[in-house]
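**Q** Below is one structure. I have some questions about it.
Numbering (this note's numbering), first residue to last: 1 to 304.
Here you go:
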C-alpha cells in the first residue's frame with residue numbers, strides 16, 4: 001500500500017522538479033509557454049503535498065516536499081514587498097487599452113497622477129477621445145500607429161522604432177525631467193501563441209537591439225511586450241531591469257484583467273532606480289495597467 005502511494009507521488013514530484021530546474025530544455029514555442037507558466041506549478045505542488053500529508057507517511061511527505069522546496073527557492077523572494085521608501089522623480093504608467101472606451105479606462109489611471117503615460121492599441125475610432133481626455137493634463141505627446149507617449153513634461157527627439165512588424169507599434173521620445181533627460185520607449189510586440197512565438201521573438205529582438213544601441217544613460221521601456229519575465233526570451237532585454245522585480249509585491253500579473261495569470265505588460269529601466277511598482281485594474285481593458293515610481297537622481301549620483 002505504501003508503494004502504491006509513493007510511486008505516483010514520486011512521479012508527479014519528479015515531473016514538477018524537472019520542469020522547475022530544467023524548463024529551458026523544452027524547445028520552441030512550447031518552451032516559452034512552460035517558462036511563462038512556471039509560477040503556477042505551485043498549484044499541483046500544493047495538491048501533491050496535501051495528498052502526501054493525508055497519508056501520514058514521512059517518506060511520502062518528504063518526496064512531495066522536494067518540488068515545494070525548489071519552487072520556494074525560486075519564487076518566494078518574489079512574493080515579498082520590495083518597495084523602497086523615498087521620493088520619486090518620475091511616475092510612469094502603461095496600459096493596453098484593448099477594447100476599452102477611453103472615457104472609462106483612463107480616469108482611474110489618471111487619478112494615479114503619472115508623469116508619463118504609455119498607451120497601446122489606440123484605434124482610429126478612439127484616438128480623438130484619448131487625445132481630448134488627456135489634453136489638459138498631458139500637453140506633450142507623440143503617437144504613431146497604435147502606440148503613444150503622453151507626458152506632463154516636455155518631450156523631444158520623437159521617432160518611430162522599427163520592430164519588424166510591418167507597421168508602427170514602437171516609438172521613442174526624450175522626456176525632460178527636473179533631474180535630467182530620460183529616454184522613453186513605448187512598445188507593443190507581436191502576440192505569442194501557444195503554438196507560435198516567431199513573430200513575438202522577432203519583434204522582441206528588434207526592440208531589444210534598438211534599446212541597447214540607444215546611447216541615453218537613462219532609459220525607460222514600457223508597454224505590452226507579450227513576454228513574461230520567466231520566459232527565456234525575456235533575457236534579450238537584459239541589462240534593462242524590470243520594475244516589478246525591483247520594487248513590486250508578488251508577480252504583478254496583468255492579463256487577463258479579471259483574473260490575471262501572466263504579466264505581459266512591463267516597465268523596464270536602465271540608469272534609474274525603481275522605488276515602487278504596482279498594477280491597477282481599469283474598466284473595459286483586458287489588461288491591467290502597470291505603474292512605477294522611478295528615481296532619476298539616485299543611480300546617477302551613485303555613478304558619479
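Even for Gly, the Cβ is constructed at its ideal location relative to N, Cα and C.
Is residue 211 closer than 9 Å to residue 219 when the C-beta atoms are compared?
**A** The answer is yes: Cβ separation under 9 Å.
**Q** What residues are listed by DSSP as bridge partners for residue 174?
**A** Residue 174 is bridged to 156 and 183.
**Q** Which two residues bound the contiguous beta strand (DSSP E) that contains residue 165?
**A** Taken as a continuous stretch (DSSP letters only), residue 165 belongs to no beta strand (DSSP E), as it is neither H nor E.
**Q** Could you tell me which uninterrupted alpha helix (DSSP H) segments, each at least 4 residues in length, are contained entirely in the stretch 182 to 238, listed from first to last along the chain?
**A** 198 to 213, all fully within the stretch 182 to 238.
**Q** Hey, how far is the Cα of residue 272 from the Cα of residue 159?
**A** Spanning the two alpha carbons is a distance of roughly 22 Å.
**Q** With 16 other CB atoms within 10 Å as the buried threshold, where does residue 171 fall?
**A** Classification of residue 171: buried, given that the 10 Å Cβ count is 16 or more.
**Q** With distance defined between alpha-carbon atoms, name the residue in 169, 268, 16 and 166 nearest to residue 293.
**A** Comparing Cα-Cα distances from residue 293 to each of 169, 268, 16 and 166, the minimum goes to 268.
**Q** If you follow the alpha helix (DSSP H) that residue 268 is part of, which residue opens it and which one closes it?
**A** Counting along the chain, residue 268 falls outside any alpha helix (DSSP H), though it belongs to the beta strand (DSSP E) covering 265 to 270.
**Q** Identify whether residue 302 lies in helix, strand or coil by the three-state DSSP scheme.
**A** Because the pLDDT of residue 302 is 41, which lies under 50, any placement of that residue in the model is unreliable, and the question is left without a value.
**Q** Say yes only if the C-beta of residue 67 is nearer than 8 Å to one or more non-hydrogen atoms of the ligand MN, and no if none qualify.
**A** Judged by which ligands are present, the structure shown has none, so any question about the ligand MN falls away.
**Q** With a CB to CB cut of under 6 Å and the five nearest residues on each side skipped, what residues in its chain are close to residue 156?
**A** Result list for residue 156: 174, in chain order.
**Q** Who are the Cβ neighbours of residue 168 in its own chain at under 6 Å, not counting the five residues just before and after it?
**A** For residue 168, where only same-chain residues beyond five positions count, the Cβ hits under 6 Å are 144, 145 and 160.
**Q** So, does the stretch 77 to 96 touch the stretch 283 to 291, judging by three or more C-beta pairs under 8 Å?
**A** Yes, the stretch 77 to 96 touches the stretch 283 to 291.
**Q** Helix, strand or coil: which one does DSSP assign to residue 24?
**A** Looking at residue 24 - three-state DSSP - the assignment turns out to be helix.
**Q** Grab the span of the beta strand (DSSP E) containing residue 276 for me, first residue to last.
**A** From DSSP, the beta strand (DSSP E) with residue 276 extends over 273 to 280.
**Q** With distances taken from CA atoms, which of 246, 223 and 9 is nearest residue 148?
**A** Comparing Cα positions, the closest option is 223.
**Q** Pick helix, strand or coil for residue 75, following the three-state DSSP scheme.
**A** If DSSP states are grouped into helix, strand and coil, residue 75 belongs with the helices.
**Q** State the start and end residues of the unbroken alpha helix (DSSP H) segment that holds residue 104.
**A** Counting along the chain, the alpha helix (DSSP H) containing residue 104 begins and ends at 102 to 110.
**Q** Should residue 13 go down as buried or exposed, given a rule of 16 or more other Cβ atoms within 10 Å for buried?
**A** Residue 13 is buried by the Cβ-count criterion.
**Q** CB-CB under 6 Å to residue 307, same chain, minus the five flanking residues each way: which ones, in chain order?
**A** Limits of the chain in this structure are 1 at one end and 304 at the other, which puts residue 307 out of reach.
**Q** Looking at the structure shown, is residue 293 part of a helix, part of a strand, or coil, going by DSSP?
**A** Strand.
**Q** Taking a contact to mean a Cβ-Cβ separation below 9 Å, would you say residue 140 touches residue 131 in this structure?
**A** No, the pair does not count as a contact, with Cβ atoms beyond the cut-off.
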